[in-house]
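Asker: Can you keep this structure in mind? I'll have questions shortly.
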Amino acid sequence: MQGNINYPQNRPVNAPPRRPTHYAPRRRKKRRRGCFLPALIILLCITGVTAVVLHMKGSKSSKAEVTAPSDAASLVTQQPAQAGYELQTAPPYTVALDAGHGGIDIGAEGIINEVEMTEATVSALYDLLDADPNYTPVLCREIGDGMSIGGRVEAATNAKASLLLSIHGNSDFSSDTYGFECFATPPGRTYYSQSLSFAHSVATQFSTAGAKMRGESGVRYAYYVGTDETGYEKEIAEESDTSVREDLSFGVLEKPYCPALLVEQCFVTNSSDVSSWGTSDGCKAAAQLYYNAICEYFGTVRQ
1 MQGNINYPQN
11 RPVNAPPRRP
21 THYAPRRRKK
31 RRRGCFLPAL
41 IILLCITGVT
51 AVVLHMKGSK
61 SSKAEVTAPS
71 DAASLVTQQP
81 AQAGYELQTA
91 PPYTVALDAG
101 HGGIDIGAEG
111 IINEVEMTEA
121 TVSALYDLLD
131 ADPNYTPVLC
141 REIGDGMSIG
151 GRVEAATNAK
161 ASLLLSIHGN
171 SDFSSDTYGF
181 ECFATPPGRT
191 YYSQSLSFAH
201 SVATQFSTAG
211 AKMRGESGVR
221 YAYYVGTDET
231 GYEKEIAEES
241 DTSVREDLSF
251 GVLEKPYCPA
261 LLVEQCFVTN
271 SSDVSSWGTS
281 DGCKAAAQLY
291 YNAICEYFGT
301 VRQ
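Just so you know, the working numbering puts 14 at position 14 of the sequence shown, and the rest follows in order with no gaps.
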């Protein structure tokens with residue numbers, strides 16, 4: 001809303017009489033000099049806003065916490081392998097556990113909230129690993145707290161984790177959609193082969209336990225593909241597509257200094273999936289499968 005402009009109709013009824021007209025020219029000159037500074041400030045503001053807008057038009061923003069690099073063609077060379085730390089070659093192995101979402105972010109909503117499942121599963125898996133002298137589990141965030149993707153990766157990095165497992169849940173408008181899938185670090189990245197190996201172990205564990213595998217094998221890749229100047233859309237590729245792409249994947253797969261895997265444990269919108277993998281017993285059963293896969297990946301004997 002504009003200020004109280006002194007139009008005639010805005011003057012109070014009992015306003016004092018106007019000065020003689022010979023004072024008018026001097027008043028107008030003063031008014032013009034008084035307007036110079038505000039006009040200069042407005043001009044500077046407009047210039048600054050224009051620069052910001054032009055800068056924003058020159059870059060793309062992601063809908064999923066993933067920022068496109070300034071030089072997309074150099075994405076693969078930007079992977080963090082050499083700048084990080086050496087992975088452990090003998091036990092105890094440090095395993096970072098990330099319960100998806102958290103805090104005020106409850107994740108997907110359905111028969112259960114996604115975060116309830118992710119936290120219950122991570123808690124159960126933590127206990128299994130903690131009881132095994134071959135492993136040192138670390139949490140990427142405390143149960144009940146929220147955390148940025150960068151903060152989760154930082155927790156894994158500070159612990160010098162040799163593996164990161166990020167547990168999530170799926171959802172769909174149709175309650176008939178169900179199944180398990182996991183997303184490995186894409187081809188061309190530093191830890192592609194290790195991530196894929198672990199993905200195979202996890203998918204095999206769930207398939208053997210009776211879970212339906214989504215896609216060709218339950219192992220897939222996710223990419224964020226730019227659609228226009230303002231956003232990205234997620235694109236899913238099957239494990240058989242080994243082409244090296246410049247498009248970014250999930251931040252929790254791109255940023256760590258160790259092999260990482262993101263799993264979609266079940267659909268929180270499907271009653272059968274929730275019954276198998278989303279209840280208290282289901283989360284414990286899933287945790288056991290992850291533990292089995294971790295032992296297979298590192299070559300240790302289950303306790």
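Here a beta-carbon is modelled for each residue, glycine too, at the ideal position from N, C-alpha and C.
1) Just the C-alpha distance for A131 and P91, rounded to the nearest angstrom, thanks.
2) Nearest to E86 by alpha carbon, out of R302, T157, H101?
3) Across which residues does DSSP place L128 in a beta bridge pair?
4) Whether or not the segment 287-294 and the segment 191-210 are in contact is what I'm after, with contact meaning three or more pairs of Cβ atoms, one per stretch, closer than 8 Å; do they touch?
5) Do Y126 and P133 have their C-beta atoms closer together than 8 Å?
6) Would you identify the three-state DSSP class for M147, choosing helix, strand or coil?
7) Quick check on S193: buried or exposed, where buried means 16 or more other Cβ atoms within 10 Å of its Cβ?
8) Near D273, what residues of its chain come up, given a Cβ to Cβ distance below 7 Å and the 5 sequence neighbours on each side ignored?
9) Taking the alpha helix (DSSP H) that S276 belongs to, which residues open and close that run?
10) Helix, strand or coil for N292 per DSSP?
11) Based on the DSSP output, what are the partners of H168 in its beta bridges?
12) Determine the contact status of Y297 and S197, defining contact as a CB-CB distance below 8 Å.
13) Compare the Cα-Cα distances from F183 to each of A203, A108, T190 and report the closest residue.
14) Between which two residues does the beta strand (DSSP E) containing F94 stretch?
15) Whole angstroms is fine: what's the gap from S280's alpha carbon to A120's?
16) Should Q303 be labelled buried (16 or more other beta-carbon atoms within 10 Å of its own) or exposed?
17) I think Y224 touches D247, with their Cβ atoms under 8 Å apart; what is that distance to the nearest whole Å?
18) To the nearest whole angstrom, what separates the beta carbons of L163 and C295, a pair I think is in contact under 8 Å?
19) Under three-state DSSP, which class holds R214?
20) My output table needs one value for Y232: the three-state DSSP class, helix, strand or coil.
21) Helix, strand or coil for N134? Go by DSSP, reduced to three states.
Answerer: Let me lay it out:
1) 14 Å
2) If we check each option's Cα against that of E86, T157 comes out closest.
3) L128 is not bridged to any residue.
4) Judged by Cβ distances under 8 Å, the segment 191-210 makes contact with the segment 287-294, as three or more pairs qualify.
5) Result no, Cβ atoms of Y126 and P133 do not sit closer than 8 Å.
6) coil
7) Per the 10 Å Cβ criterion, exposed.
8) Y178, C266, F267
9) Note, S276: alpha helix (DSSP H), 271-277.
10) helix
11) E264
12) Contact: yes.
13) A203
14) Per the sequence shown, residue 94 should be read as Thr rather than Phe. Its beta strand (DSSP E) spans residues 93-99.
15) 7 Å
16) exposed
17) With a Cβ gap of about 6 Å, Y224 and D247 count as contacting.
18) With a Cβ gap of about 11 Å, L163 and C295 do not count as contacting.
19) coil
20) strand
21) coil
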